[in-house]
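Under the numbering used here, the first residue of the sequence shown carries the number 13, and numbering increases by one thereafter.
Quick reminder that beta carbons are idealized off the backbone N, C-alpha and C, glycines included.
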Amino acid sequence: HLGPFVLTQELLPVLKRTAAEPGSDVRIISLSSKMHGNVPKKPDFRNLEGWNDINGASFIESGKRYMVSKLAIVLFIKELQSRFDADKVPITCLAVSPGLVDTGAPQRSAPAGIIATFMAWLLRNFGLTSEQGSFATLFAATSPEIKAHPEKWKGAYLEPYNRWTEVSEYARDRQLAKDLWACSEEVAEACLRDGS
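Below you can see the structure in the form of structure tokens.
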């Protein structure tokens, strides 16, 4: 989450200037996952300790961290859109899930054995190709539908195939989004200042 957060903050002056131009269509898109809805307990984003609450090197712990990171992306997009709307900045922010895409990454990260075998079978039989997985992102980035009806799409979460989908309960939590934003600013500032 922190990478897209910092990149977006650095690009904001250019994005806002561009959005002020007549006929412009500025969009900020960040990749998430349907797994954002499987976060097992409400994360504490008020401080860095809360961010690091899930630790351990097991496959299960890695999966939980992945889910929380994808929740953070959705919260970031929703809070960013809320801030743009409050300031009347005509930028559309979208979170996108590419779907269950057979990239090979989950199989490589799973421990050898039954889990890796099951994941390979699942992706081979039900996963999308990389091309199919790109459709929702391409729609979010290029569709004239979004420019024509921005109010419908602002802060939206998209899944394959270009479906506007409701987000999880935690992803609708405004205070969680505000906590994440405030802590992200602190952590990013410290990292950029200290060079770490």
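Taking C-beta to C-beta, are residue i and residue j nearer than 8 Å?
i: Ile66; j: Pro16; result: no
i: Ala107; j: Ser146; result: no
i: Phe96; j: Ile89; result: no
i: Leu4; j: Ala183; result: For residue 4 there is no data in the structure shown, the boundaries of the chain being 13 and 208.
i: Cys105; j: Gly167; result: yes
i: Glu91; j: Trp176; result: no
In chain order, what residues of the same chain lie with their CB nearer than 7 Å to the CB of residue i, ignoring the 5 residues before and after it?
i: Lys46; result: Ser109, Glu171
i: Glu198; result: none
i: Arg58; result: Asp191, Cys195
i: Lys76; result: Pro52, Ile66
Given residue i, which residues of its chain have a CB within under 8 Å of its CB, disregarding the five upstream and five downstream residues?
i: Phe138; result: Leu112
i: Ser142; result: Val113, Asp114, Thr115
i: Ala153; result: Arg39, Ile41
i: Thr30; result: Ser36, Val38
On the criterion of 16 or more Cβ atoms from any shown chain inside 10 Å, does residue i qualify as buried, or is it exposed?
i: Phe130; result: exposed
i: Pro156; result: exposed
i: Phe201; result: Before going on, a small fix: residue 201 reads as Glu here, not Phe. Per the 10 Å Cβ criterion, exposed.
i: Leu150; result: exposed
i: Ser36; result: exposed
i: His270; result: Here the chain comprises residues numbered 13 to 208, so residue 270 is not present and cannot be evaluated.
i: Asp206; result: exposed
i: Gln93; result: buried
i: Asp185; result: buried
i: Trp165; result: buried
Take residue i and list the residues in its own chain whose beta-carbon comes closer than 6 Å to its own, dropping the five residues that flank it on each side.
i: Leu135; result: Asp114
i: Val80; result: Val51, Pro55
i: Ser196; result: Phe17
Which residue comes first and which comes last in the alpha helix (DSSP H) that contains residue i?
i: Ile33; result: Strictly speaking, residue 33 in this sequence is Glu, with Ile absent from that position. Glu33 -> no alpha helix (DSSP H), and no H or E assigned at all.
i: Asp206; result: 186-206
In the segment 96-172, which residue ranges form an unbroken alpha helix (DSSP H) of at least 4 residues, counting only runs that do not cross its ends?
Runs of the alpha helix (DSSP H) spanning 4 or more residues and lying entirely within the segment 96-172 occur at 117-121, 126-138, 142-145, 147-154, 156-160, 162-165, in chain order.
Entirely within the segment 43-99 and at least 4 residues each: give me those alpha helix (DSSP H) ranges in chain order. Entirely contained in the segment 43-99, the alpha helix (DSSP H) runs reaching 4 residues are, in chain order, 60-63, 71-98.
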